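Peer 1:
In our numbering, the protein residues as written are 119 to 755.
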């Protein structure tokens, strides 16, 4: 590449069922996402070559881009009325400086979760300490953690060996003990792995990648035990002391081995890797990159969620102050591998329970019929809702999948355990998970949703409503959604070193990817029917003047665009908090979104009646879509 900024970028995401492609080009002085194409993923029979689906998706980009540059909006562009060509002879072509038609692209990048993504097992000495740190390293690299084994997890050695053999992970990560400790337990874990003789999930005859990121004094013993039978990699200890967590070397090695071992065994990926200008990244890892980067750039506390057919990923970046008073931002990611909207939809029913799903269905319905509909969705996972009733049921299930995934994330996103006091290993074995989560909803600035049920909801107000019901934001929170699920591609693009790539990722994320839905105001406190909760005072851009006390159990929506800043005076009733303490007034300038302003006085903790008649009445009363009229394509899909 020259030192000039890139002009044309193509990015793909190879999903388990669909391969998505986007075209990003520099228009004037800014980068924009122009068109999007998609095609079925072709990693399985009869094609067994992932590049077939990639080329099909990019050829759709060619057609759509050609049509775009025929429109009046494209007049004056060098591509006006010219056919766009990105594929020749079943290859993605690069721009030739001597080609006046400027066929091809400057940069091609890709992410992938095809073939089930990256599946790992994690070993640690203490379940609540080193095993948890190892799990964070794996999740941060974009892996699905199939199981976490520890000395104190209650399983006998033969049960752990059987578990390793049954799961057949893509990779194993072993961690444990600080560098000052006498190596003992980590050697025992390595012996367990050796005894299991694990084989790789993909590829016959390939040695299983094993990463050791534990007590460095045990390196020689670990090599003696595992080097012959596995593809062993040694990296620095991810928990060198109880007070320090060093996850980056382990996460980087996981990504490298994913490329070298796992991806090369999947059909067609060896060819795809030669096409890309940056390493292919697991889709969840790429989403985490962009979420964390936005949080750092804007200095905000951010939570993001990606709800798919089989899994739901939750990401968070929160500001923390260490014992020396230094503020830093802590990133966490969890994956709920059994909570999804199609393949895993019956697991949502199992985990949440029928009553919790029924409480979100806004009409009378027989419980057996709901079970049957959920079962039909599992055996026909690619179907989409065909009626308003079907849509309401799908969105009810989504609320519970999101709620349960977030509960799991909050329990995992805690501070380092064991750093407040000195303790022996026997005491550490008894450590529980009572540490407070670092995910503080009152301090949350931005909540971002993505995935089909959120990104492609018929109305953006429905997306906002699902986010409020599922995550129960507190205080003042901005709600947003990924317009067409392009966060994975932008995450990879932000890491490419070519001039303009990071700028392109940030501009497209802000202008085309992120759609600001609403600003939510949610007082925290126990509500009583008919009693006032909060007084909102503001002059909204449409002429509406707010200056009234709002009673309990209301969910209200007002028009308020994001491009206008409005000063709000928010006064909670005694016993309620909106960010400054109980009963304390907050004055702040806020922006809305395509849905506007959402005021939730249903209380925190939130409870909903189990009586069907009253429940249906309340759900219909809370439906913020009823007075919502989309004004542009961004407001509804």
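Just so it is clear, CB atoms sit at the ideal spot from N, CA and C, and this is done for glycine as well.
Only a predicted model underlies this, so the values are computations on that prediction, with no experimental measurement involved.
Below 8 Å between beta carbons: does that hold for residue 601 and residue 573?
Peer 2: Going by C-beta atoms, residue 601 is nearer than 8 Å to residue 573.
Peer 1: If distances are taken between C-alpha atoms only, which option among 672, 493, 215, 706 comes closest to residue 722?
Peer 2: Closest option to residue 722, Cα to Cα, is 672.
Peer 1: Classify residue 149: buried if its beta carbon has 16 or more other beta carbons within 10 angstroms, exposed otherwise.
Peer 2: Flag for residue 149 reads buried.
Peer 1: Going by other Cβ atoms of all chains shown within 10 Å of its Cβ, with 16 needed for buried, is residue 373 buried or exposed?
Peer 2: Its Cβ being crowded by 16 or more others within 10 Å, residue 373 is buried.
Peer 1: Let me know the secondary structure DSSP gives residue 487 once reduced to three states.
Peer 2: Of the three classes helix, strand and coil, the one that applies to residue 487 here is helix, per DSSP.
Peer 1: Can you give the Cα-Cα distance for residue 583 and residue 561, rounded to whole angstroms?
Peer 2: Going from the Cα of residue 583 to the Cα of residue 561 covers about 20 Å.
Peer 1: Could you give the C-beta distance for residue 227 and residue 394, rounded to a whole number, given that I count them as a contact under 8 Å?
Peer 2: About 6 Å separates the two Cβ atoms, so the contact holds.
Peer 1: Given residue 160, which residues of its chain have a CB within under 7 Å of its CB, disregarding the five upstream and five downstream residues?
Peer 2: Hits under 7 Å: 167, 168, 170, 171.
Peer 1: Cα-Cα, which of 224, 667, 692, 641 is closest to residue 213?
Peer 2: Minimum Cα distance to residue 213 is reached at 224.
Peer 1: Would you check if the distance between the CB atom of residue 130 and the CB atom of residue 139 is smaller than 8 Å?
Peer 2: Yes, the pair counts as a contact, with Cβ atoms nearer than the cut-off.
Peer 1: Taking the runs of the beta strand (DSSP E) that are 3 residues or longer, which of them lie wholly in the region 330-398?
Peer 2: The region 330-398 contains these whole beta strand (DSSP E) runs: 349-352.
Peer 1: Which partner residues of residue 567 appear in the DSSP bridge assignment?
Peer 2: In the DSSP output, where bridge partners are listed per residue, residue 567 has 423, 599.
Peer 1: Could you give the first and the last residue of the continuous alpha helix (DSSP H) run that contains residue 583?
Peer 2: Residues 578-589.
Peer 1: On the DSSP bridge assignment, give the partners of residue 637 in chain order.
Peer 2: Paired residues: 596, 715.
Peer 1: Is it buried or exposed, residue 740, if we count other Cβ atoms within 10 angstroms and call 16 or more buried?
Peer 2: Classification of residue 740: buried, given that the 10 Å Cβ count is 16 or more.
Peer 1: Where do the ends of the alpha helix (DSSP H) carrying residue 303 lie?
Peer 2: Run containing residue 303: 303-314, per the alpha helix (DSSP H) assignment.
Peer 1: In angstroms with no decimal places, state the Cα-to-Cα distance between residue 199 and residue 205.
Peer 2: Cα to Cα, residue 199 sits roughly 19 Å from residue 205.
Peer 1: Determine contact between the region 244-254 and the region 264-271, defined as no fewer than three beta-carbon pairs at a distance below 8 Å.
Peer 2: The region 244-254 is in contact with the region 264-271.
Peer 1: Is the region 467-477 touching the region 273-291, taking contact as three or more C-beta pairs under 8 Å?
Peer 2: Touching, no.
Peer 1: Alpha carbon to alpha carbon, what distance is there between residue 495 and residue 425?
Peer 2: Straight-line Cα distance between these residues: approximately 16 Å.
Peer 1: Flag this pair as yes or no: are the beta carbons of residue 332 and residue 293 separated by less than 8 Å?
Peer 2: Yes. Within cutoff.
Peer 1: Under a three-way DSSP split, which group does residue 450 fall into?
Peer 2: Residue 450 falls in the strand class under three-state DSSP.
Peer 1: If you scan the region 163-199 from start to end, which runs of the alpha helix (DSSP H) of 4 or more residues do you find wholly inside it?
Peer 2: Listed in chain order, the complete alpha helix (DSSP H) runs (minimum 4 residues) inside the region 163-199 are 168-186.
Peer 1: For the alpha helix (DSSP H) containing residue 132, list its first residue and its last residue.
Peer 2: No alpha helix (DSSP H) holds residue 132; the beta strand (DSSP E) holding it covers 126-132.
Peer 1: Do you know whose CA, among 669, 656, 696, lies nearest residue 687's CA?
Peer 2: Minimum Cα distance to residue 687 is reached at 656.
Peer 1: Check residue 460 in the structure and name its three-state DSSP category.
Peer 2: It is coil, neither helix nor strand.
Peer 1: Just tell me which of 338, 611, 307, 285 has its CA closest to the CA of residue 318.
Peer 2: Per the Cα distances, 285.
Peer 1: Considering only the beta carbon of each residue, do residue 565 and residue 585 sit closer than 8 Å?
Peer 2: In contact: residue 565 and residue 585 (Cβ atoms closer than 8 Å).
Peer 1: Could you check if residue 415 is buried or exposed, using at least 16 other CB atoms within 10 Å of its CB as the buried criterion?
Peer 2: Exposed.
Peer 1: Give the single residue among 302, 369, 122 whose Cα lies nearest to the Cα of residue 289.
Peer 2: For the residues 302, 369, 122, the minimum Cα distance to residue 289 belongs to 369.
Peer 1: Can you check DSSP and say which residues form a bridge with residue 669?
Peer 2: DSSP lists 650 as partners of residue 669.
Peer 1: Give the single residue among 669, 680, 329 whose Cα lies nearest to the Cα of residue 597.
Peer 2: Out of 669, 680, 329, 680 has the C-alpha closest to the C-alpha of residue 597.
Peer 1: How many angstroms separate the CA atom of residue 162 from the CA atom of residue 706?
Peer 2: Their backbone Cα atoms lie some 54 Å apart in a straight line.
Peer 1: Starting from the C-beta of residue 547, find all residues in its chain whose C-beta is less than 8 Å away, skip the five residues before and the five after it, and write them out in chain order.
Peer 2: Note on residue 547: pLDDT 40, under 50, position unreliable in the model; no value is reported.
Peer 1: Is DSSP giving residue 230 helix, strand or coil here?
Peer 2: Strand at residue 230.
Peer 1: Classify residue 698 as helix, strand or coil using the three-state DSSP reduction.
Peer 2: DSSP places residue 698 in coil when its eight states are reduced to three.
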